[in-house]
Amino acid sequence: MVSSVGRWIAAILTATLPAAAATAQTTNTAQASFCTSVESVVVACRTGGKMVSVCASKAAGPNSGYLQYRFGQPGSTEPIELVLPEYHLPPPKVATGESVPFSGGGGSWLRFARAPVAYTVYSGVGKWGPNGEVRAKGGIVVERQGKAIATLKCAGERIGELGPDWFERMGIKTNGQDFDFPD
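For the sequence shown, this note's numbering gives the first residue as 16, with consecutive numbering after it.
So this is what it looks like as structure tokens:
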């Protein structure tokens, strides 16, 4: 009797798990960020087949909560490829950055480092187009020992709340660092 019950449970699981996995995969591919429902989306965008998200706890601030950089393939059953930092720490302990004014707009950058590599998420609007047309740009610059080794541009919609008020609320400063927005 036990073996027939075991086979019955196995048959049900075998029949239902692929459908459940397919549903989860379909849902995840439409996701807008790697942030959870108990987190704020600081910035998120897709870069080809990958996605970057910067997520903060709802209570994040200079001395509380956490901020994390997450990068990977949306909809994958594998773990997210990169999470910085691995542990939950207050924003000023894990990132540097600022908002900067530009002709025709402004921009923001936020850098997470795990020596010797740094990942800088950026977003901005300025007169970068032909004949000074206002254009938006955003993406990720990967640096090794201060030199850019890769630039991934955001494709499609960018979401988030980076801006002067956000940096002030989080207590994030440049700490003497700067950032050149790529072309």
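Heads up, the beta-carbon is just placed ideally off N, CA and C, and yes, glycines get one too.
Using only alpha-carbon positions, find the residue among Pro-106, Gly-153 and Met-185 that is nearest to Glu-172. On the sequence shown, residue 172 is found 157 positions in, with the first residue counted as 1. Cα-wise, what sits closest to Glu-172 is Gly-153.
Close-in-space but distant-in-sequence residues of the same chain around Ala-47 (CB under 7 Å, 5 per side omitted): Residue 47 sits at position 32 when you count from the first residue of the sequence shown. Closer than 7 Å at the Cβ level, and outside the excluded window around Ala-47, lie Ala-59 and Ile-174.
Distance, Ala-128 Cα to Lys-188 Cα: Mapped onto the sequence shown, residue 188 falls at position 173. Mapped onto the sequence shown, residue 128 falls at position 113. Their Cα atoms are separated by approximately 14 Å.
Given Ala-74 as reference, the closest of Gly-161, Arg-61, Glu-101 and Pro-106 once Cα atoms are compared: The count along the sequence shown starts at 1 and reaches residue 74 at position 59. Residue Pro-106 is the option with its Cα nearest to Ala-74.
Sorted by chain position, which residues of the same chain lie with C-beta nearer than 8 Å to Glu-148's C-beta, five sequence neighbours on each side aside? Numbered from 1 along the sequence shown, position 133 holds the residue referred to as residue 148. Lys-142, listed in sequence order.
Output the boundary residues of the alpha helix (DSSP H) element that contains Val-136. As a first step, residue 136 is located in the sequence shown; it is residue number 121 there, counting from the start. For Val-136, there is no enclosing alpha helix (DSSP H); the residue is part of the beta strand (DSSP E) that begins and ends at 132-141.
Would you say the stretch 47-56 touches the stretch 162-169, given that touching needs at least three Cβ pairs under 8 Å? Counting Cβ pairs under 8 Å, fewer than three are found: no touch.
Just to confirm the assignment: which complete alpha helix (DSSP H) runs, minimum length 4, are found wholly within the stretch 65-94? none
According to DSSP, simplified to helix, strand and coil, what is Val-53? As a first step, residue 53 must be located in the sequence shown, where it is residue number 38. The answer is coil: DSSP assigns Val-53 none of H, G, I, E or B.
Compute the distance between the beta-carbons of Val-57 and Val-67, then report whether it is under 8 Å. Residue mapping note: residue 57 aligns to position 42 of the sequence shown, counting from 1. Residue mapping note: residue 67 aligns to position 52 of the sequence shown, counting from 1. Not closer than 8 Å, so no.
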